[in-house]
Amino acid sequence: MELLQKGGAVIWILMAYSVIGMAIVISGYLRFVAKRQPDFNRSLPQDPACEYGRIFSRLISAQQSGVDQASLRALALRLIDAHIRHFETGLKTLSLLANTAPLMGLLGTIIGMISAFRVIESQGAGVDAQMLAGGSGKQC
433 MELLQKGGAV IWILMAYSVI GMAIVISGYL RFVAKRQPDF NRSLPQDPAC
483 EYGRIFSRLI SAQQSGVDQA SLRALALRLI DAHIRHFETG LKTLSLLANT
533 APLMGLLGTI IGMISAFRVI ESQGAGVDAQ MLAGGSGKQC
């Protein structure tokens, strides 16, 4: 708890990043485990192997019945895109958190160094090394 008090606002922001990131990861995992399907596939079975088998058999039967390749390709791409979009939920937010977390850590380091320099300034020539290592306890 003392570490959280010394860390100031930056540590709380990083903790919030961790909570949000873990929530996104856990929700994605639960979505994957639950094998939820996009709305247009609700009538298909929830078993992915069975589902993809039916989709491929329908595509093959459509091809054999004379449906043109462009239509089949468009349908297959639409199905694939819907499945990918379903599992990509939250990845942009996770990417944002992963890219800005190191910058927040660097901000915390800079704030800590400013605090250490303030201790040096307040002590003048008689700076105690232990006082510098412990910080002043004051936040910017």
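Whatever position you read off the sequence shown (first residue = 1), add 432 for this note's numbering.
In this text, a Cβ means the ideal position worked out from N, Cα and C, and glycines have one as well.
{"Query": "DSSP three-state label for S489, please.", "Result": "helix"}
{"Query": "In chain order, what residues of the same chain lie with their CB nearer than 7 Å to the CB of V442, ignoring the 5 residues before and after it?", "Result": "M536, L539, G540 and I543"}
{"Query": "Under the assumption that L504 contacts L523 (Cβ atoms under 8 Å), give the Cβ distance between them as a whole number of angstroms.", "Result": "No, L504 and L523 are not in contact; Cβ-Cβ is about 29 Å, not under 8 Å."}
{"Query": "Starting from S554, trace the alpha helix (DSSP H) both ways and give me its first and last residue.", "Result": "L523 to Q555"}
{"Query": "If you draw a straight line from the C-alpha of G440 to the C-alpha of S459, how long is it?", "Result": "29 Å"}
{"Query": "Determine the DSSP secondary structure at E520, reduced to helix, strand or coil.", "Result": "coil"}
{"Query": "Hey, could you find the ends of the alpha helix (DSSP H) M447 is sitting in?", "Result": "E434 to A466"}
{"Query": "Do you know how far the Cα of V465 is from the Cα of T521?", "Result": "15 Å"}
{"Query": "In the structure shown, what three-state DSSP assignment does S503 receive?", "Result": "helix"}
{"Query": "Compare the beta carbon distance of L526 and I456 with 8 Å and say whether it is the shorter of the two.", "Result": "yes"}
{"Query": "Just checking my contact of L509 with G453 at CB under 8 Å: how many whole Å lie between their CB atoms?", "Result": "That belief does not hold up - the Cβ atoms of L509 and G453 are roughly 31 Å apart, past 8 Å."}
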